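Have a look at the structure below, then the notes.
There are 2 protein chains.
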Amino acid sequence: MERINRWRAFGGWQEVWRHDSKTTGTPMEFSIFLPEGEGPKPVLWYLSGLTCNWSNVTEKGDYREACARHGIVFVAPDTSPRGEGVADDAEGAYDFGLGAGFYVDATEEPFAKHYKMRQYIEEELPALIAEHFPVDLNRQAITGHSMGGHGALTIGLRNPERFKSVSAFAPISAPTECPWGHKALGGYLGEDRAAWAEYDACKLIEGGARVAALKVDQGGADGFLEEQLKPELLRETCDTAGQVVELEIHDGYDHSYYFISSFMPAHIDWHAKYLKA
Amino acid sequence: MERINRWRAFGGWQEVWRHDSKTTGTPMEFSIFLPEGEGPKPVLWYLSGLTCNWSNVTEKGDYREACARHGIVFVAPDTSPRGEGVADDAEGAYDFGLGAGFYVDATEEPFAKHYKMRQYIEEELPALIAEHFPVDLNRQAITGHSMGGHGALTIGLRNPERFKSVSAFAPISAPTECPWGHKALGGYLGEDRAAWAEYDACKLIEGGARVAALKVDQGGADGFLEEQLKPELLRETCDTAGQVVELEIHDGYDHSYYFISSFMPAHIDWHAKYLKA
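Going down the list, the sequences are from chains A and B. This note's numbering puts the first residue of the first sequence at 2, with every later residue one more than the last. This note's numbering puts the first residue of the second sequence at 2, with every later residue one more than the last.
Put into structure tokens, the structure is as follows:
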């Protein structure tokens, strides 16, 4: 594992690391913000959306002030394997393949070889972070945006013992019910929809999965809201199942980092309540 | 004048505008953050550094939370004229010509025609902002980074009645004493150094210019510190002349937006004291 950059920021260090992942079989990069002071510190995972890598939230996410204030480590992984030999969308589309791993373990060829983002985020990366940084894995929380919001919700719901709190910005709430999800889950997992359910937050909740604390913010002027994101399905599913969710639609906000950064401090304050409880 | 983009952010609007500048004879773009609530509101000007346009600080500057909290309008102009017919550095270097207007009114050809960034920032843009937005020009402050820190200091020192407070991040403190300044002032103003003095913060202070409140932050690990930025000259000049300056060197911080954003909230809190006094 090699540190490829670091900057002093908000009293701590914003770092970027590269390592050879056994899970994906490729080099992988992630960023990590380490607030000042002795650890072990709680960890907030941030999963990014389509086309992104660690740099988008690291440059535009406005998370460091709140993480420094609360003493929370912030980790931003990449969104897919990359590099020579990694299969991509046949037409190079933005919503499948490179930058679009959808936090699944692919079973379809040619993707099954490298596209193991679920296992990477659930197993390999936490172990690596715990080995190299002063973190307390008994105090973890997870969030993410859009495709990464889907990742945060599904990884959170499948691992409720690991996360004190789960939040998302404009998540793909029901990938089995939208075009982005149909393309990604079909492409990575095949057309047997039974295999898709564990990668759909609504299906997981319908199936009995629960998290201790759940918060979702969504922009009301988000161009993807109705066709792709479907927060109303998440709300109905939670209401029916008895999963408490703090879900708010914010008038005028779109799908960009201007939206994410506007609500990032409130999300970090909210996670801090659970991480420090 | 035409709005080319806007995003809802931190309860207000982050907007980007384009207008045909009479001063530069080119289209010019700027960004403006408008916090929610009725105006007129105070204005903080942010002048960017070499190679930048409005987008760098607008995406990476972490200023919106503090501006929203204090009700301060934040304006980020471009750093040079751009477009067809605008002269550039002969070798296309990053430190002269496009993206490097140095906040001077050029007198040397072929730059004199469009490179009028001093007059643009001092006269045309404030009038335009006052005409179109709910701002109170009796409550203005100015800041900037690197070349833009030089711009903030010199524009502030030449117009002390206009600004309640002046700050800078890693400014070029003495352009007449460093390679960036020699190249820019020589290229835009010619080799008669008498013409350079009004574009050098230290020379202006030596000549009797004063501002009511002055704050400078500088990264101690900034690669440009010794050769180009020379904060020690600013400190000595202020001490000798009796200009109070709050100047701090911060260990480990570099010249990037990771440094700027780390101290941005503190700068805005500091300006707010004077703007709201």
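C-beta: ideal position from N, C-alpha, C; glycine also. Remember, it's a predicted structure, so these values are computed and weren't measured experimentally.
Host beta strand (DSSP E) of D252/A (start-end): Here D252/A belongs to no beta strand (DSSP E), and DSSP marks it neither H nor E.
Say whether chain A places a C-beta atom closer than 8 Å to the C-beta of E66/B. Interface residue, yes.
Who pairs with N6/A in a beta bridge, going by DSSP? According to DSSP, N6/A shares a beta bridge with V17/A.
Do T241/B and K204/B have their C-beta atoms closer together than 8 Å? Their beta carbons are not under 8 Å apart, which means T241/B does not touch K204/B by this criterion.
Cβ pair count under 8 Å reaching 3, the stretch 50 to 63 of chain A against the stretch 60 to 75 of chain B: The stretch 50 to 63 of chain A and the stretch 60 to 75 of chain B touch, with no fewer than 3 CB-CB distances between them shorter than 8 Å.
Quick check on G152/A: buried or exposed, where buried means 16 or more other Cβ atoms within 10 Å of its Cβ? Answer is buried; the Cβ neighbour count reaches 16.
Can a CB atom of chain A be found closer than 8 Å to the CB of R70/B? Answer no: the Cβ-Cβ gap between R70/B and chain A never drops below 8 Å.
Return the first residue and the last residue of the beta strand (DSSP E) that N54/A is part of. Unbroken run through N54/A: none, as it is neither H nor E.
Any idea which residues DSSP pairs D218/A with across the strands? Paired residues: F170/A and E249/A.
Cα-Cα separation, G149/B to P172/B: Approximately 7 Å, taken between the alpha carbons.
7 Å Cβ shell around K114/A - same chain, five flanking residues per side excluded: Around K114/A, the same chain offers G26 as residues with beta carbons nearer than 7 Å, after the five sequence neighbours per side are excluded.
DSSP state of K277/B, grouped into three classes? In this structure, K277/B counts as coil in the three-state DSSP scheme.
Can you tell me where the beta strand (DSSP E) with L35/A in it begins and where it stops? Segment P28 to L35, the beta strand (DSSP E) holding L35/A.
Taking F11/B as the query, report the chain E residues whose CB atoms sit under 7 Å from its CB, ordered along the chain. In summary, chain E is missing from the structure at hand, where the protein chains are A and B.
With DSSP collapsed to three states, give me the class of D270/A. The answer is helix: DSSP assigns D270/A an H, G or I state.
Using only CA atoms, which one of E199/B, D223/B, L234/B and D218/B lies nearest to F103/B? The shortest C-alpha separation from F103/B is found at E199/B.
Unbroken beta strand (DSSP E) runs of length 3 or more, entirely within the stretch 135 to 160 of chain B: which are they? Whole beta strand (DSSP E) segments, 3+ residues: 136 to 145.
Between the stretch 213 to 232 of chain B and the stretch 30 to 39 of chain A, do at least 3 Cβ pairs fall closer than 8 Å? With a cut-off of 8 Å, the stretch 30 to 39 of chain A and the stretch 213 to 232 of chain B do not count as touching, because too few Cβ pairs lie within range.
For D106/B, which residues does DSSP report across the bridge? D106/B is bridged by DSSP to K117/B.
Cut-off 7 Å between Cβ atoms - residues of its own chain near L234/A, not counting five sequence neighbours on either side: Excluding residues within five positions, the ones whose Cβ falls inside 7 Å are S174, A175, E178 and C203.
Cβ-Cβ distance between H71/A and S166/A below 8 Å: Annotated as distal: H71/A and S166/A, with beta-carbon spacing of 8 Å or more.
Buried or exposed (CB count within 10 angstroms, at least 16 for buried), V245/B: Under this definition V245/B is an exposed residue.
A101/A by DSSP, collapsed to three states: which one? Here A101/A carries a strand assignment [DSSP, helix/strand/coil].
Beta strand (DSSP E) containing A77/B: first to last residue? Per DSSP, the unbroken beta strand (DSSP E) holding A77/B starts and ends at V74 to P78.
Contacts around P127/A, its chain only, beta-carbon distance under 7 Å, and the 5 residues preceding and following it disregarded: Its chain contains L138 as the residues whose beta carbon lies nearer than 7 Å to that of P127/A, once the 5 sequence neighbours on both sides are disregarded; these appear in chain order.
Under the assumption that L45/A contacts W14/A (Cβ atoms under 8 Å), give the Cβ distance between them as a whole number of angstroms. Here L45/A is actually not in contact with W14/A; their C-beta atoms are around 16 Å apart, not less than 8 Å.
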